[in-house]
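*Asks:* Residue numbers for the sequence shown follow our numbering, so the first one is 140 and each next one is one higher.
Every residue gets a Cβ at the ideal spot worked out from N, C-alpha and C, and that includes glycine.
Note that the coordinates shown come from a computational prediction; the quantities given were computed from them, not determined experimentally.
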Amino acid sequence: MAMRNLFKRKVTSLILQTRRDSQSGASSSSVAQEEEGLKGPQVVLENTYQLAPKDSQKFPTKKAEDIMKNVFLTHLLDSKFSSDTCKNLTTQITETVKTQVKAELGNNNRFKVVVLVMIGANYGQGARVASRCLWYPQYDRFAQYEYHNESLFAVGIVYGVYYE
């Protein structure tokens with residue numbers, strides 16, 4: 140009940156303040172601008188119109204493959220297939236690969252990083268993994284790695300898609 144009364148008082152004082160400001164010629168937008176001025180100036184970034192990556196900013200395909208290899212070997216070396224554990228393991232491997240690839244790219248990159256990891260049971264059957272993307276082959280890249288042991292197989296794909 141006390142919160143409701145406090146809220147009513149604040150709303151009433153705001154309405155009265157707005158009426159006083161409108162009568163004195165000050166607009167409500169100027170009041171809002173004054174409140175924003177207390178927070179500091181808003182930073183506005185301009186477009187770079189950069190349509191292609193610089194030579195030093197190409198997607199590191201080989202490094203992404205090495206990252207996937209290290210993460211797969213770390214997490215899956217002596218693992219046995221279990222649907223419950225592999226569900227969590229897939230998410231964990233995906234996040235680890237994504238953060239390490241983004242760290243390799245650095246802060247000033249213009250690549251969207253997409254990571255797909257699939258883990259399945261290895262019972263001697265064949266499996267194919269296919270994907271299709273619409274992209275510019277001059278700028279966009281992907282890296283893949285496959286791992287299998289007697290119990291499971293895993294396929295990882297990292298897409299580095301350049302965005303403007």
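1) How big is the Cα-Cα spacing for L291 and D223?
2) Keeping to the same chain, check which residues put their C-beta closer than 7 Å to that of F198; ignore five residues upstream and five downstream.
3) Assign A260 to one of three DSSP states: helix, strand, or coil.
4) State the Cα-Cα distance for the pair A282 and G179, rounded to the nearest angstrom.
5) What three-state label does DSSP hand F211 in the structure shown?
6) Beta-carbon within less than 7 Å of S202's beta-carbon, same chain only, minus the 5 sequence neighbours each way: which residues are those?
7) Name the residue from H214, N261, Y302 whose alpha carbon lies nearest to the alpha carbon of W274.
8) Once DSSP output is grouped into helix, strand and coil, what is the label at L228?
9) Alpha carbon to alpha carbon, how far is M257 from G295?
10) Within its chain, find whatever has a CB closer than 6 Å to the CB of T229; leave out the 5 residues flanking it on each side and keep chain order.
11) Report buried or exposed for L215, applying the criterion of at least 16 other Cβ atoms within 10 angstroms of its Cβ.
12) With DSSP as the reference, please indicate the residues paired to A293 in a beta bridge.
13) With H, G and I counted as helix, E and B as strand and the rest as coil, what does DSSP make of K202?
*Replies:* Well, looking at it:
1) 13 Å
2) F250, R280, G299
3) strand
4) 43 Å
5) helix
6) The amino acid at residue 202 is misidentified as Ser; the sequence shows Lys. The answer, listed in chain order, is E243.
7) Y302
8) helix
9) 7 Å
10) V256, I258
11) buried
12) I258, Y286
13) helix
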